[in-house]
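Let me begin by presenting the structure, written as structure tokens, before commenting on it.
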Ligand code: SF4
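See the structure below:
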């Protein structure tokens, strides 16, 4: 169900942008996400989304974005996609993200979009305009290259093959593109074969960076939903998780050091960066520009 809400403010100011995503101002135009990934951390109690199947649209978000960007003195990267996907299916007709990008272009800010959807291609012209003036980065989340497995763990999202095809189109247009390879689900995706397949497919599509996360979080409602889905799709696997992780919040992959070494070797071989922010202008440089 799609419901409308009003927000008091939109942009969250990140005082110290990390070297992974480089985001200085984070925005969420929606709450909830139709992609319904079985591992989604946004289901956790701390985010206070009662029914994650609902998509809440911040109807005044575009007005707020325009006002808030006009007041910013430092032109840092505006990020979107951390709590919900900016290209959730509702976006196809609501066009909140598309219109937000036009506002970002007008104010001359760089942008970093995190998504699992090839719907981002609809906004190619706006992304090119942003890129010409500052910088546009698009990172596609890929946790497996296996479309059949992705249909189970990310049931509402376009398949990884479609994401990688969209990445290739954006890369050909000069947009900085990459992959967020996270989470890598223990016992399901934490194999050398899967990590190798993701890096090779990202390289073939023209990815400039891959941001890895070798494991997942398991928090209250997130864990409950994930375990319910494991029982349904992978009988016996929940018990394996319970034995390995108990009530721990963080569930790392098996043999993380080996996967990290493999990942580093592959990225070195293909010239892929493991930090997206390394090739974007930092806030001070943007202020000078
Ligand atoms: S796309 Fe992201 S926000 Fe949406 S359900 Fe999946 S993990 Fe959650």
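Residue numbers (this note's numbering): 2 to 290.
By construction, the Cβ of each residue, glycine as well, lies at the ideal position given by its N, Cα and C atoms.
For the beta strand (DSSP E) holding residue 36, just list the boundary residues, first then last.
Indexing the chain shown from 1 puts residue 36 at position 35. Here residue 36 belongs to no beta strand (DSSP E), and DSSP marks it neither H nor E.
What residue range is occupied by the uninterrupted beta strand (DSSP E) comprising residue 212?
To locate residue 212, count along the chain shown from 1; it is residue 211. Element bounds for residue 212: 210-213.
Report the rounded CA-to-CA distance for residue 5 versus residue 43, giving the unit in angstroms.
Here residue 5 is taken as the residue at index 4 of the chain shown, counted from 1. Here residue 43 is taken as the residue at index 42 of the chain shown, counted from 1. Computed Cα separation, rounded: 19 Å.
Residues in its own chain within less than 7 Å of residue 85 by CB, not counting five upstream and five downstream?
Along the chain shown, read from residue 1 onward, the residue named residue 85 stands at position 84. Excluding positions up to five away in sequence, the list reads 29, 31, 32, 33, 34 and 43.
Can you give me the C-alpha to C-alpha distance between residue 255 and residue 217, rounded to a whole angstrom?
Taking the first residue of the chain shown as position 1, residue 255 is located at position 254. Taking the first residue of the chain shown as position 1, residue 217 is located at position 216. It is roughly 12 Å from the alpha-carbon of residue 255 to the alpha-carbon of residue 217.
Residue 275 (DSSP reduced to helix, strand or coil)
Stepping through the chain shown from its first residue, residue 275 is reached at position 274. It is coil, neither helix nor strand.
Confirm the yes/no value for this check: CB of residue 96, any heavy atom of the ligand SF4, distance under 7 Å.
Along the chain shown, read from residue 1 onward, the residue named residue 96 stands at position 95. No, since every heavy atom of the ligand SF4 falls outside the 7 Å radius drawn around the Cβ of residue 96.
Please classify residue 210: is it buried, with 16 or more other beta-carbons within 10 angstroms of its beta-carbon, or exposed?
What you label residue 210 is simply residue 209 of the chain shown in a count that begins at 1. The residue in question, residue 210, is buried, as its Cβ has 16 or more Cβ neighbours within 10 Å.
Could you tell me if the beta carbon of residue 117 falls within a distance shorter than 7 Å of some heavy atom in the ligand SF4?
Locating residue 117 in the chain shown gives position 116, counting from the first residue. At least one heavy atom of the ligand SF4 is nearer than 7 Å to the Cβ of residue 117, so yes.
Is residue 85 near the ligand SF4, going by C-beta to nearest heavy atom under 7 Å?
Taking the first residue of the chain shown as position 1, residue 85 is located at position 84. True, at least one ligand heavy atom lies under 7 Å from that Cβ.
Which residues bound the alpha helix (DSSP H) around residue 228?
For the purposes of this step, residue 228 is taken as residue 227 along the chain shown, with counting starting at 1. It spans 221-234 - the alpha helix (DSSP H) in which residue 228 sits, taken as one unbroken run.
Residue 223 beta carbon near the ligand SF4 (any heavy atom closer than 7 Å):
Walking along the chain shown from the start, residue 223 turns up at place 222. No.
Figure out for me which residue from 2, 245 and 231 has the closest Cα to the Cα of residue 153.
Your numbering for residue 153 matches position 152 in the chain shown. Checked all of 2, 245 and 231; the closest Cα to residue 153 is 231.
Does the separation of the CB atoms of residue 26 and residue 77 fall below 8 Å?
Walking along the chain shown from the start, residue 26 turns up at place 25. Walking along the chain shown from the start, residue 77 turns up at place 76. In this structure, residue 77 lies closer than 8 Å to residue 26 by Cβ.
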